[in-house]
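Residue numbers (this note's numbering): 2 to 366. Quick notes on the structure that follows.
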């Protein structure tokens, strides 16, 4: 079964944070009265889980608001969900708020970082550039995967740059026939940006963290900022997301050999399994003395991050694990690395996968 796309970390959190807003469909109304936005025609795709693989996500909030049937009433809110709730409240309260504009910007930015190949920087001002090079070098050596893996940074600044925005529109907006029309549409959007304090500065417009079987990894500034706002160190947030995403590349590579996920009953269980395993493997790498060599204090912060990014939509196809499950996965990964500290060897991806299978049932009880 071929794996095409895995979207991680933030997707389940989106559902949870929207519920925290306590908005109904009636409250979340909009009027498409902004210039240049009628029928933007950026193709949107519905997300469908198939083992480790998902199709591209549709970002429409209307698809998930008020879906309490998916919620686990016993699941608890986290600091991270409250931060994201604040971002979404700010967007909803902006005088220029428009669902079409929100979806349009999110889709443009996601498609741009999906297909972009070229120079990159990581963090709003490149503050993670050095760390990115270091971690990529370490992860490459640690897991020894037989594939080229590369990292694209996602930035809200892309949506406020005339040339980049025009590139996006020309490439992905089917209503635009040539570059001159793309410039015209970009200028109309930039005029809105100039009047709004939210579009596109709000971190939610660069909130992606995902991977594809082509070897692409994407980490957005927004998700990094949201984690640091909960008190988590930025370097830990970046390293954790990169290590988590990297493990999904291992899942792609060993797709034909690792068949446990194919036996799970429904998409929500398959997504949860792949995400919790990525938490487990990331923790193993981060705490291993031949990996990121994190000490106990930093691992505790990683545990805090793992707890925060859990979601409560246990029946959703995008469910990534509850806060307690994600925390438990990280702790088991740490214990696996600690048990081998004296020996100093690195388990193969298959050995780590098998170690996770031994503890998986404990994570979901």
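Just so it is clear, CB atoms sit at the ideal spot from N, CA and C, and this is done for glycine as well. Note that the coordinates shown come from a computational prediction; the quantities given were computed from them, not determined experimentally.
Query                                                                                                    : Result
Residue environment, residue 164, which counts as buried when at least 16 other CB atoms sit within 10 Å : exposed
Which listed residue (251, 121, 216) has its alpha carbon closest to that of residue 278                 : 251
With 16 other Cβ atoms within 10 Å as the buried cut-off, status of residue 96                           : exposed
Where residue 353 falls: helix, strand or coil (DSSP)                                                    : helix
Three-state secondary structure (DSSP) of residue 220                                                    : strand
Cβ neighbour criterion (16 or more within 10 Å) applied to residue 25                                    : With a pLDDT of only 28 at residue 25, under the threshold of 50, the placement of this residue in the model should not be trusted, and no figure is reported.
Residue span of the alpha helix (DSSP H) that contains residue 211, given as start and end               : Taken as a continuous stretch (DSSP letters only), residue 211 belongs to no alpha helix (DSSP H), being part of the beta strand (DSSP E) at 210-212.
C-alpha gap between residue 410 and residue 336, whole angstroms                                         : Absent from the structure is residue 410, since the part of the chain shown begins at 2 and ends at 366.
Nearest candidate by alpha-carbon position, reference residue 200, set 258, 158, 82                      : 158
Coarse secondary structure for residue 153, derived from DSSP in three states                            : strand
Local Cβ density within 10 Å of residue 71, reported as buried at 16 or more and exposed below that      : Residue confidence is low: residue 71 scores 45 on pLDDT, short of 50, so the model does not pin down where it sits. Its coordinate-derived value is still stated next. Under this definition residue 71 is a buried residue.
Three-state secondary structure (DSSP) of residue 13                                                     : Confidence at residue 13 is low in this model, with a pLDDT of 37, below 50, so its placement is unreliable and the value that follows should be read with caution. The answer is helix: DSSP assigns residue 13 an H, G or I state.
Cβ contact check for the region 228-247 and the region 120-132: 3 or more pairs under 8 Å                : yes
Test item: CB-CB of residue 202 and residue 174 under 9 Å                                                : no
DSSP state of residue 239 mapped onto helix, strand, coil                                                : helix
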